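Trainee: The following block contains the structure, expressed as structure tokens.
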Amino acid sequence: MKTLIQPGNIITVTAPVGGVSSGDGVLIGSLFGVATYDAAEGESLEIQMTGVMSLPKLSTDNVAVGDPLYWDATNGQLTVTATDNKLVGVAVFAAGSGATSVEIRMNGSAAV
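Okay, so the sequence shown: first residue is 280 according to the numbering used here, each after it adds one.
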């Protein structure tokens, strides 16, 4: 197809303020992905937009399978709280209160 540029599973962006480490969640505007390597602020960075990842979550949240998960960019973690956060995927395993990470199937599209 002449209009296809790439599959879009991994895209290249500019690393945000403060830079990122490999495995960090990255939210740039409405794009959310996981950094595939370390990058200093302003450097080119590839982020994984699709797949199932284990990412940090708010430890007080009780997450059930299928719950929508939102990215809290201020604290760099997932939460079940929609207010002021961007929807980035759904939980594929439960993670109770006290757990500090959760497995998420990322949307692979714009965070809303």
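In this text, a Cβ means the ideal position worked out from N, Cα and C, and glycines have one as well. All values derive from a computational prediction rather than experimental measurement.
Kindly indicate which residue of 325, 288, 291 and 367 has the alpha-carbon position closest to the one of residue 355.
Mentor: The residue labelled residue 355 in the question sits at position 76 within the sequence shown. Ranking the options by Cα distance to residue 355, first place goes to 367.
Trainee: Is the distance from the Cβ of residue 380 to the Cβ of residue 334 below 8 Å?
Mentor: Position 101 of the sequence shown holds residue 380. Position 55 of the sequence shown holds residue 334. Against a cut-off of 8 Å, the Cβ pair of residue 334 and residue 380 comes out as a contact.
Trainee: Beta strand (DSSP E) containing residue 314: first to last residue?
Mentor: The residue you call residue 314 lines up with position 35 of the sequence shown. Per DSSP, residue 314 belongs to the beta strand (DSSP E) from 310-314.
Trainee: Can you name the start and end residues of the beta strand (DSSP E) that residue 374 belongs to?
Mentor: As a working note, residue 374 is residue 95 in the sequence shown. Element bounds for residue 374: n/a, residue is neither H nor E.
Trainee: Using 7 Å as the cut-off, classify the Cβ of residue 337 as near or not near the heavy atoms of the ligand COA, replying yes or no.
Mentor: Ligands displayed in this structure: none; no statement on the ligand COA is therefore possible.
Trainee: Can the beta-carbon of residue 314 be found closer than 8 Å to that of residue 299?
Mentor: Within the sequence shown, numbered from 1, the residue matching residue 314 stands at position 35. Within the sequence shown, numbered from 1, the residue matching residue 299 stands at position 20. It is a contact, given that the beta carbons lie within the stated cut-off.
Trainee: Considering just the uninterrupted stretch of the beta strand (DSSP E) at residue 342, what are its terminal residues?
Mentor: Start at 1 with the first residue of the sequence shown, and residue 342 comes out as number 63. Neither: residue 342 is in no beta strand (DSSP E) and is coded neither H nor E.
Trainee: When you compare the CB positions of residue 328 and residue 290, do they come within less than 8 Å of one another, or not?
Mentor: Taking the first residue of the sequence shown as position 1, residue 328 is located at position 49. Taking the first residue of the sequence shown as position 1, residue 290 is located at position 11. Result yes, Cβ atoms of residue 328 and residue 290 sit closer than 8 Å.
Trainee: By how many angstroms is the C-alpha of residue 362 removed from the C-alpha of residue 310?
Mentor: Here the question's residue 310 lines up with position 31 in the sequence shown. Here the question's residue 362 lines up with position 83 in the sequence shown. Approximately 18 Å between the Cα atoms of the pair.
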